[in-house]
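Chain order of the listed sequences is D and L. If you use the numbering used here, the first sequence corresponds to residues 1191 to 1276, in order. If you use the numbering used here, the second sequence corresponds to residues 1191 to 1276, in order. We put the CB at the ideal spot given by N, CA and C, even for glycine.
Number of protein chains: 2
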Amino acid sequence: MSIFGLFRKQRSAPMARERLQILLAHERASVGSDLVSVLREEILAVIAKHVQVDRDKVQVKMDRDKDVSMLEIDVEIPRDATLKAA
Amino acid sequence: MSIFGLFRKQRSAPMARERLQILLAHERASVGSDLVSVLREEILAVIAKHVQVDRDKVQVKMDRDKDVSMLEIDVEIPRDATLKAA
């Protein structure tokens, strides 16, 4: 099953809310480079630029092992939140 | 299996390359709002700001059905590509 399928299966039951989920994985060749923490704040800023979200409706999870750094951002968007003009 | 597990399983065999994969899913309540195309260019710009990548090493896939818009960005980072100072 492709990753897309997993997103669909996890769909939040009541569709009254919109939901934005971002998964970022960085397969590192060297231990030093860690893009995930560098990109995290900027991706959050890009989202906030376009959608009105409450900070407490944004969940951020980071995970890191020997080779892979992972970032998961889960944003619940209130139904009446309009897209901000870019 | 969590989505994180899927990322690990798909690890590219030779670790000579670094790889950055971003999946974005927008569960829409209304048909109109389509965050994915709005966020796509800005997320690509955030990545390019921090990592030297060749445009032809960046694959972007978009997928959309009744409720969910999906974006997958797959970036192959040359081993010697240094992180740009933010």
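N- and C-terminal bounds of the alpha helix (DSSP H) containing residue i
i	result
Val1228(L)	1225–1240
Residue burial classification, residue i (beta-carbon count within 10 angstroms, cutoff 16)
i	result
Glu1231(D)	exposed
Chain L contact for residue i (CB, 8 Å cutoff)
i	result
Val1236(D)	yes
Gln1211(D)	yes
Arg1207(D)	yes
Ala1215(D)	yes
Ala1276(D)	Low confidence applies here, because Ala1276(D) scores a pLDDT of 49, under 50, leaving its location unreliable and the question unanswered by this model.
Rounded separation between residue i and residue j - CA only
i	j	result
Val1258(D)	Arg1209(D)	25 Å
Ile1267(D)	Leu1214(L)	14 Å
Ser1252(L)	Glu1262(L)	Checking the displayed sequence, the identity of residue 1252(L) turns out to be Met instead of Ser. Each residue's alpha carbon lies about 6 Å from the other.
Arg1245(L)	Ala1219(D)	20 Å
Ala1286(L)	Gln1211(D)	Not covered by the structure: residue 1286(L). The range shown for chain L is 1191 to 1276.
Arg1207(L)	Glu1217(D)	8 Å
Asp1305(D)	Val1250(L)	Only positions 1191 to 1276 of chain D appear in this structure, which leaves residue 1305(D) out of reach.
Ile1233(D)	Val1236(L)	7 Å
Val1243(L)	Val1265(L)	8 Å
Val1226(D)	Met1260(D)	7 Å
Proximity test, Cβ basis, 8 Å: residue i and chain D
i	result
Arg1245(L)	no
Val1228(L)	yes
Val1248(L)	no
Arg1218(L)	yes
Residue range of the unbroken beta strand (DSSP E) whose run includes residue i
i	result
Lys1251(L)	1248–1254
Arg1209(D)	1208–1217
Val1243(L)	First-last for Val1243(L): undefined, no H or E at that position.
Asp1264(L)	1258–1267
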